[in-house]
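In the UniProt record's numbering, the protein residues as written are 1 to 720.
Virtual Cβ for every residue (Gly too), placed ideally from N, Cα, C.
As the structure is a computational prediction, the values presented were derived from the model and not from experiment.
Scroll down for the structure; my scribbles are underneath it.
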């Protein structure tokens, strides 16, 4: 978990003149005829630690209740100002919206996944914003029945999101969570699939994970802390009883851990997952015992991560124990607590990272990454024979998906590349023969042969080789330094941004943009050491890598140095904030979405969601060493009186991952100190959270806004 419906009727912005003053938010006048940007009031707030005092003039913007009139008024003013500044781009936004929407198949269905007696899938029709979930007795769906119509449930809600759908073992009951505020806090309901009626049971304040007990009389869920939004208690809810009577099965007392739930593929055990940044473990619950308690699979050890899967009487353990890039081991259930009995299935390899695996009755399928390139292998568990799965592109992403049962005769893989739309394949486990189940359709004149992708290695300032994935339209690219470039980055939590296809992105490529993903340190593109070299006291490598990639790509002719755009969200928004403090002159425009920019203040406040979970990612600033290092790059703390690029900043008022007040404060400080006349607009979705607007078409509007913002900057650049 990481830190990744525009307001209508917003207050009109008054055109006032004068300087900033304390006690009242107002707007700052520009030259005659120009629009005026909101200016926030300044109320000094001192924070002292380690003998160092910081003064935050915009600390007042934090309102956990999200009801403070001054806060809401200022956000409304910012929205109104953004609407005014961007009003002339509305025709382009509308054109882009129609263009992107026009590539999307209106009537679409997912590939059915078999679980128990049914094949489960979802479908969407016409202008539906949400999906309808269905099931059938066969793959073709000849006797298809609706189990949940999300469009009907979402009526009357500005935001609506469904969590995990969990069907009872007897296949008669459906439990699911719904979130109408975008805080990722769910209310769980239970629907009788035989009658279509809802049970009286309702569980509030939960995460999205739900797992049924095998007698169909109870389910397990995770309760969230209402302040930190941390899921920390696992309860068993018996049908027909009030939530207050639920049994507490497990409570996480260490606030640096996340808690998760799942069920073994054979349905015999419930797994409670414990995960911090650098340590993880599993507890087991007998799914057949209505009075079961949780038992640790193996004691947690600082710095040791492990996950488990079950196959008969054997557990398979994915772990970094004596394996920097992870290994796969196995142990008989009777000896799981004796690690000396754990046996290697896939031995550790310092140059090859083990990424994922799935088990079947007689086969193991596992994914690895070497030098940033993936490969997938099938191993026969009876005789040990292996063979690789064959794909078409040299650089691609492949994910194991929909493999819900042990007795499957084939493994399902989702495959995509920068030029290949998402494709579902099944590979026969015995022969390796491949069958395409579905390729996502792109409407219009899309032809993959019109596009070309590359993978280049850029030498960073310290000699490290940074992988970069590139894609462009062949007839609009000459590598002569004239193309605009859209450079994306994230670089945190070990999250690897794979080279995947995007229909939305075609609107950039068809207009001559080069699209680049900088696989900077902080990801795991080059294995676990690549992540370790981009967090805590090496975090600045993430920012340096991104800047070095920008400079190298322009030097090598991939882009015009005056037409560089950078984009990042969440922790990638921190990246955006850091690079514009360090090298603002490199970028014409930057989009920072739900940006995590006030890192020191946030990481000193344990009441803010995610803070304690992330000490191993960023460091704990209560330690002076980490405090000083984090303070040296914190985007908010390092805003200075200098020229900044044109900026588009977005957030959601109800964001549970990065609180709205971080970008709000950052924008206010930028407005106060920046010395340029470049555009700075700040849009807050007053109904949404970290994931942005709900609904498949509403989200396109956000993409259209960003693209129109960039295209407008290019037009102005060309006019100069």
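Check                                                                                                                           : Outcome
Run of the alpha helix (DSSP H) containing residue 268, from where it starts to where it stops                                  : No alpha helix (DSSP H) contains residue 268, which DSSP labels as neither H nor E.
For residue 287 and residue 441, the rounded distance between their alpha carbons                                               : 41 Å
Beta-bridge partners of residue 711, as assigned by DSSP                                                                        : None, per the DSSP bridge assignment.
Of the listed residues 390, 528 and 453, nearest to residue 722 (C-alpha basis)                                                 : Here the chain has residues from 1 to 720 only, and residue 722 is not among them.
Given 8 Å, three or more beta-carbon pairs between the region 374-384 and the region 353-364                                    : yes
Neighbourhood of residue 722 by C-beta distance below 6 Å, restricted to the same chain and skipping five residues each side    : Residue numbering for the chain in the displayed model covers 1 to 720; residue 722 lies beyond these limits and cannot be assessed.
Which listed residue (430, 396 and 592) has its alpha carbon closest to that of residue 648                                     : 592
Residue 21, DSSP secondary structure in three states                                                                            : Here residue 21 scores only 27 on pLDDT, less than 50, and its place in the model is too uncertain to base an answer on.
Validate contact between the region 570-587 and the region 537-553 using beta carbons, cut 8 Å, 3 pairs                         : yes
Residues near residue 624 in its chain [Cβ-Cβ closer than 8 Å; skip 5 each side]                                                : 50
Element boundaries [beta strand (DSSP E), containing residue 357]                                                               : 352-359
Reduced DSSP secondary structure (H/G/I, E/B, other) of residue 329                                                             : strand
Per-residue burial, residue 297 [other beta carbons within 10 Å of its own, 16 or more giving buried]                           : buried
Backbone secondary structure at residue 105 - three-state DSSP                                                                  : coil
Exposed unless 16 or more other CB atoms sit within 10 angstroms - verdict on residue 199                                       : exposed
Beta-carbon proximity list for residue 620, same chain, < 6 Å, skipping 5 on both sides                                         : 626
At least three beta-carbon pairs within less than 8 Å, the region 557-570 to the region 485-493                                 : yes
Nonlocal neighbours in the same chain, by C-beta distance under 8 Å from residue 444, ignoring five residues either side        : 102 and 103
Secondary structure, beta strand (DSSP E): runs of 3+ residues fully inside the region 78-140                                   : 113-115, 118-124 and 132-136
Best match in 438, 409, 324 and 645 for proximity to residue 428 [C-alpha to C-alpha]                                           : 409
Selected residue, minimal CA-CA separation from residue 270, among 277, 446, 294 and 278                                        : 294
Residue span of the alpha helix (DSSP H) that contains residue 541, given as start and end                                      : 540-555
Residue 522 beta carbon less than 8 Å from that of residue 594                                                                  : no
Selection from 355, 373 and 372 that minimises the alpha carbon distance to residue 774                                         : Here the chain covers residues 1 to 720 and nothing more, so residue 774 does not appear.
Buried or exposed by the 16-neighbour rule on C-beta atoms within 10 Å, applied to residue 194                                  : exposed
Alpha-carbon to alpha-carbon, residue 414 and residue 707                                                                       : 28 Å
Buried versus exposed call for residue 461 [16 or more other C-beta atoms within 10 Å across all chains shown]                  : exposed
Start-to-end residues for the alpha helix (DSSP H) that takes in residue 497                                                    : From DSSP, residue 497 is part of no alpha helix (DSSP H); its letter is neither H nor E.
Range of the contiguous alpha helix (DSSP H) that encloses residue 507                                                          : 506-509
Option nearest residue 646 by Cα separation, candidates 94, 57, 41 and 85                                                       : 85
Check whether residue 312 and residue 279 have beta carbons under 8 Å apart                                                     : no
Sub-8 Å separation of residue 206 and residue 220 beta-carbons                                                                  : no
Cut-off 8 Å between Cβ atoms - residues of its own chain near residue 671, not counting five sequence neighbours on either side : 28, 37, 38, 39, 40 and 680
Under the three-state DSSP convention, the category residue 212 falls into                                                      : strand
Assigned exposure category for residue 622 - 16 Cβ within 10 Å defines buried                                                   : exposed
Limits of the beta strand (DSSP E) - the one that residue 424 falls within                                                      : 423-428
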